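K.L.:
Just so we're aligned, residue 0 is where the sequence shown starts under numbering that gives the first Met the number 0, counting upward by one. Just so it is clear, CB atoms sit at the ideal spot from N, CA and C, and this is done for glycine as well. It should be emphasised that the depicted structure is a prediction, and the values quoted were computed from it without experimental measurement. Quick one: the structure is below, and I'll ask about it shortly.
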Amino acid sequence: MVSSARGNPLAGIRPDLVRGLVSRRTMLAGLGAASFSALLAGCGTSGIAYHGSEAGKQATDRSDADKVVNWSNWPVYIDVDDKTQKRPTLEAFTKKTGIKVNYTEDYSDNDIFFAKVKPQLTANADTGRDVWCSTDWMVSRLIRLNWVQKFDRANMPNANNLVDTLVNVSFDPGRNYSIPWQSGFTGIAYNPKVTGGKKIETIDQLLTDPAIKGRVTLLTEMRDTVGLVLLGMGKDPAKFSDKDFDDAIKILTEAKNRGQLKGFTGNEYGKGLASGDIAACIAWTGDVVQLKADNPDLGYVLPSTGHMVWSDNFVIPNKARHKKNAELLIDYYYSPDVMAKVEDYVNYIPPVKGVKQVLVKSDPAVADDPLIFPSDAVQAKSHVFMGLTGEQENRFNNAFQTLIGG
Numbered sequence: 000m001v002s003s004a005r006g007n008p009l010a011g012i013r014p015d016l017v018r019g020l021v022s023r024r025t026m027l028a029g030l031g032a033a034s035f036s037a038l039l040a041g042c043g044t045s046g047i048a049y050h051g052s053e054a055g056k057q058a059t060d061r062s063d064a065d066k067v068v069n070w071s072n073w074p075v076y077i078d079v080d081d082k083t084q085k086r087p088t089l090e091a092f093t094k095k096t097g098i099k100v101n102y103t104e105d106y107s108d109n110d111i112f113f114a115k116v117k118p119q120l121t122a123n124a125d126t127g128r129d130v131w132c133s134t135d136w137m138v139s140r141l142i143r144l145n146w147v148q149k150f151d152r153a154n155m156p157n158a159n160n161l162v163d164t165l166v167n168v169s170f171d172p173g174r175n176y177s178i179p180w181q182s183g184f185t186g187i188a189y190n191p192k193v194t195g196g197k198k199i200e201t202i203d204q205l206l207t208d209p210a211i212k213g214r215v216t217l218l219t220e221m222r223d224t225v226g227l228v229l230l231g232m233g234k235d236p237a238k239f240s241d242k243d244f245d246d247a248i249k250i251l252t253e254a255k256n257r258g259q260l261k262g263f264t265g266n267e268y269g270k271g272l273a274s275g276d277i278a279a280c281i282a283w284t285g286d287v288v289q290l291k292a293d294n295p296d297l298g299y300v301l302p303s304t305g306h307m308v309w310s311d312n313f314v315i316p317n318k319a320r321h322k323k324n325a326e327l328l329i330d331y332y333y334s335p336d337v338m339a340k341v342e343d344y345v346n347y348i349p350p351v352k353g354v355k356q357v358l359v360k361s362d363p364a365v366a367d368d369p370l371i372f373p374s375d376a377v378q379a380k381s382h383v384f385m386g387l388t389g390e391q392e393n394r395f396n397n398a399f400q401t402l403i404g405g
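Here's what the structure looks like:
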């Protein structure tokens, strides 16, 4: 199986820099459709109490009285006090509201997590979770299946602080069912010591330049790799045809057949990029911030044709027992002062307006990092991959997995 996990410790990088390198958006690369269907059918929940649909309904009605909220999130994806190992913003939320947060780092892969909660969601029952953070494409699937609830925005006035570029995404216009927790860009990273000082600035160059032949890696995340190719073709990843997708796969297949590619990876590209084994690759900003801290000579470019932006998003599942408490939690993190504390630790792109102004005072080095706080012009050239129908999702994933494994 090809690993697409962004989070394995990277050899040669200081341990304190590894904390943010965790996969937010992995897919089970290498699994065939039949194997994937069997996985979904066979997996149940693990470590979370199961409630029948009536019990879930009754519990939901008591949400205002229960001073608790159950939040599932990705590992190493929130601020931590390095001395006490406690999570300061969670403790401050409890102190402010009296609501205890049962915070569980059990979201290590979108599809694996989906398999955990699928039996309850299918049965219209409580999953034992009030809120979790899913990546854009998984949010699109959850909305399509009617398995997540519409927000009561009266409980989330701070949601108006969402950055403008992430408000009207194709899979959830106006953000009625989802709102970002963290975001990041997908661009091109390169090692100038290997490229002879040459900058690798375009997807066409990445896929055709003979100077880096055999030392190029692309991502196992279909939406990032295909999205950048579509942009290079002059197509909008937020609105494209099946033919456009097929043409992008053809371009990638030709590059692979010519021997241009070393392979497809998750964030394990970090080790090879740092060592020089990889000359250039498609890479995520969250990783590059950490890699450049250890090796500032590494280059990173957002192609002039545009780049992909992804988010991991808060969603509230059907039959959540503490919906209002979950909305209050989301509202709390959409305060710039609070989100600034998170960003100072995780170093992703904040989806909340005003965070940079807070960090200018508390941590100017982070506030000045263009990979954490991109300019408005850079934000304007970012693109979200469009929401897919079930049929499109199956066809596109199968075609991409054939490319990777063929």
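M307 by DSSP, collapsed to three states: which one?
P.N.:
Position 308 of the sequence shown, counting from 1, holds the residue named residue 307. Strand, per DSSP.
K.L.:
So what's E392 in DSSP terms, helix, strand or just coil?
P.N.:
Position 393 of the sequence shown, counted from the start, is the residue given in the question as residue 392. In the structure shown, E392 sits in a helix (DSSP, three-state: H, G or I).
K.L.:
So, with DSSP's three-state summary, where would you put I248?
P.N.:
On the sequence shown, position 249 is the one that residue 248 refers to. Three-state DSSP puts I248 in a helix.
K.L.:
If contacts are defined as beta-carbon pairs under 8 Å, then N109 and T134 qualify, I think. What distance do you get, rounded to the angstrom?
P.N.:
Taking the first residue of the sequence shown as 1, we reach residue 109 at position 110. Taking the first residue of the sequence shown as 1, we reach residue 134 at position 135. 5 Å between Cβ atoms; contact.
K.L.:
Does the distance from the CB of F384 to the CB of R143 come in under 9 Å?
P.N.:
By one-based count along the sequence shown, residue 384 stands at place 385. By one-based count along the sequence shown, residue 143 stands at place 144. Not a contact, by the Cβ cut-off of 9 Å.
K.L.:
What are the uninterrupted segments assigned as beta strand (DSSP E) that are 3 or more residues long and contained completely in the region 213-287, given in chain order?
P.N.:
Counting only runs that start and end inside the region 213-287, the beta strand (DSSP E) elements of at least 3 residues fall at 215-218, 260-264, 279-283.
K.L.:
By the three-class DSSP mapping on this structure, what secondary structure does L402 have?
P.N.:
By one-based count along the sequence shown, residue 402 stands at place 403. L402: helix per DSSP, three-state reduction.
K.L.:
Identify, in the order they occur along the chain, each residue of the same chain with its Cβ nearer than 6 Å to the Cβ of L230, setting aside the five sequence neighbours on each side.
P.N.:
Stepping through the sequence shown from its first residue, residue 230 is reached at position 231. Non-local C-beta neighbours of L230 in its own chain, meaning closer than 6 Å and more than five positions away in sequence, comprise T304, G305, ordered along the chain.
K.L.:
If you follow the alpha helix (DSSP H) that I187 is in, where does it begin and where does it stop?
P.N.:
Locating residue 187 in the sequence shown gives position 188, counting from the first residue. Run containing I187: none in the alpha helix (DSSP H); it sits in the beta strand (DSSP E), 178-189.
K.L.:
Is the region 278-285 close to the region 250-257, with three or more CB pairs under 8 Å?
P.N.:
no
K.L.:
Hey, quick one: how far does the alpha helix (DSSP H) through N109 stretch, first residue to last?
P.N.:
Reading the sequence shown from its first residue, position 110 is the one you call residue 109. Counting along the chain, the alpha helix (DSSP H) containing N109 begins and ends at 109-121.
K.L.:
So, with DSSP's three-state summary, where would you put D163?
P.N.:
Locating residue 163 in the sequence shown gives position 164, where the first residue counts as 1. If DSSP states are grouped into helix, strand and coil, D163 belongs with the helices.
K.L.:
Assign Y347 to one of three DSSP states: helix, strand, or coil.
P.N.:
Working through the sequence shown from its first residue, we reach residue 347 at position 348. In the structure shown, Y347 sits in coil (DSSP, three-state: anything other than H, G, I, E or B).
K.L.:
Could you check whether the region 71-79 touches the region 88-105, counting it as contact only if at least three pairs of C-beta atoms, one from each stretch, sit closer than 8 Å?
P.N.:
yes
K.L.:
Restricting to Cα atoms, I'd like to know which of G386, F263, K234, G195 is closest to V215.
P.N.:
The residue labelled residue 215 in the question sits at position 216 within the sequence shown. Comparing Cα positions, the closest option is F263.
K.L.:
Considering only their Cβ atoms, is the gap separating H382 from G226 smaller than 9 Å?
P.N.:
Taking the first residue of the sequence shown as 1, we reach residue 226 at position 227. Taking the first residue of the sequence shown as 1, we reach residue 382 at position 383. Contact: yes.
K.L.:
What residues match up with H321 in a beta bridge as DSSP calls it?
P.N.:
Translated into the one-based positions of the sequence shown, residue 321 becomes position 322. H321 is not bridged to any residue.
K.L.:
Compute the beta-carbon to beta-carbon distance between W70 and W131, rounded to the nearest angstrom, for a pair I have assumed lies under 8 Å.
P.N.:
Here residue 70 corresponds to residue number 71 of the sequence shown, with the count starting at 1. Here residue 131 corresponds to residue number 132 of the sequence shown, with the count starting at 1. Yes, they are in contact, since the Cβ atoms of W70 and W131 sit about 7 Å apart, within 8 Å.
K.L.:
Drop a sphere of 10 angstroms on the beta-carbon of E267, count the other beta-carbons inside from all chains shown, and report buried for 16 or more, exposed for fewer.
P.N.:
Mapped onto the sequence shown, residue 267 falls at position 268. Classification of E267: buried, given that the 10 Å Cβ count is 16 or more.
K.L.:
Going by C-alpha to C-alpha distance, which of L161, V359, F372, K352 sits closest to N346?
P.N.:
The count along the sequence shown starts at 1 and reaches residue 346 at position 347. Closest by alpha carbon: F372.
K.L.:
Classify G271: buried if its beta carbon has 16 or more other beta carbons within 10 angstroms, exposed otherwise.
P.N.:
In the sequence shown, the residue the question calls residue 271 occupies position 272. By the neighbour-count rule (16 or more Cβ atoms within 10 Å), G271 is buried.
K.L.:
Which same chain residues, not among the five before or five after E200, have their C-beta less than 8 Å away from its C-beta?
P.N.:
Looking up residue 200 in the sequence shown gives position 201. In chain order, I187, V300, P302, S303 place their CB closer than 8 Å to the CB of E200, counting only its own chain and leaving out the 5 sequence neighbours on each side.
K.L.:
From A237, D151, T121, pick the residue whose C-alpha is nearest to that of K380; which is it?
P.N.:
Here residue 380 refers to the residue found at position 381 of the sequence shown. Answer by Cα proximity: A237.
K.L.:
Using three-state DSSP, classify W416 as helix, strand or coil.
P.N.:
With the chain covering only 0 through 405, there is no way to say anything about residue 416.
K.L.:
Determine the closest residue to V351 out of Q84, V359, P335, with distance taken between C-alpha atoms.
P.N.:
Indexing the sequence shown from 1 puts residue 351 at position 352. If we check each option's Cα against that of V351, P335 comes out closest.
K.L.:
Return the CA-CA distance between W140 and D171, expressed in angstroms with no decimal places.
P.N.:
Residue mapping note: residue 140 aligns to position 141 of the sequence shown, counting from 1. Residue mapping note: residue 171 aligns to position 172 of the sequence shown, counting from 1. Inspection of the sequence shows that residue 140 is occupied by Arg rather than by Trp. Those two C-alpha atoms are separated by around 11 Å.
K.L.:
Count the C-beta pairs between the region 318-325 and the region 388-397 that are closer than 8 Å, then say yes if the count reaches three, no if not.
P.N.:
no
K.L.:
Helix, strand or coil, according to DSSP, for W131 in the structure here?
P.N.:
Looking up residue 131 in the sequence shown gives position 132. Strand at W131.
K.L.:
According to DSSP, simplified to helix, strand and coil, what is Y332?
P.N.:
Translated into positions along the sequence shown, residue 332 becomes position 333. Reduced to three states, the DSSP call for Y332 is helix.
K.L.:
G183 and S310: beta carbons closer than 9 Å?
P.N.:
Counting from 1 along the sequence shown, the entry for residue 183 is found at position 184. Counting from 1 along the sequence shown, the entry for residue 310 is found at position 311. Yes.
K.L.:
List the endpoints of the continuous beta strand (DSSP E) containing V100.
P.N.:
By one-based count along the sequence shown, residue 100 stands at place 101. Unbroken beta strand (DSSP E) run through V100: 99-103.
K.L.:
For my contact list, V138 and V314 are in at a C-beta cut-off of 8 Å; report their separation, rounded to the angstrom.
P.N.:
Along the sequence shown, read from residue 1 onward, the residue named residue 138 stands at position 139. Along the sequence shown, read from residue 1 onward, the residue named residue 314 stands at position 315. Contact flag correct, Cβ pair sits at about 6 Å.
K.L.:
What are the boundary residues of the beta strand (DSSP E) that includes V300?
P.N.:
Counted from its first residue, the sequence shown places residue 300 at position 301. Where V300 is concerned, the enclosing beta strand (DSSP E) stretches over 298-300.
K.L.:
Quick check: the Cα distance between Y333 and N160, rounded to an integer number of angstroms?
P.N.:
Here residue 333 corresponds to residue number 334 of the sequence shown, with the count starting at 1. Here residue 160 corresponds to residue number 161 of the sequence shown, with the count starting at 1. Rounded to whole angstroms, Y333 to N160 spans 7 Å at the Cα level.
K.L.:
Pick out whichever of Y189, N190, T164 has its Cα sitting closest to the Cα of P179.
P.N.:
The residue you call residue 179 lines up with position 180 of the sequence shown. When only C-alpha atoms are compared, the closest one is T164.
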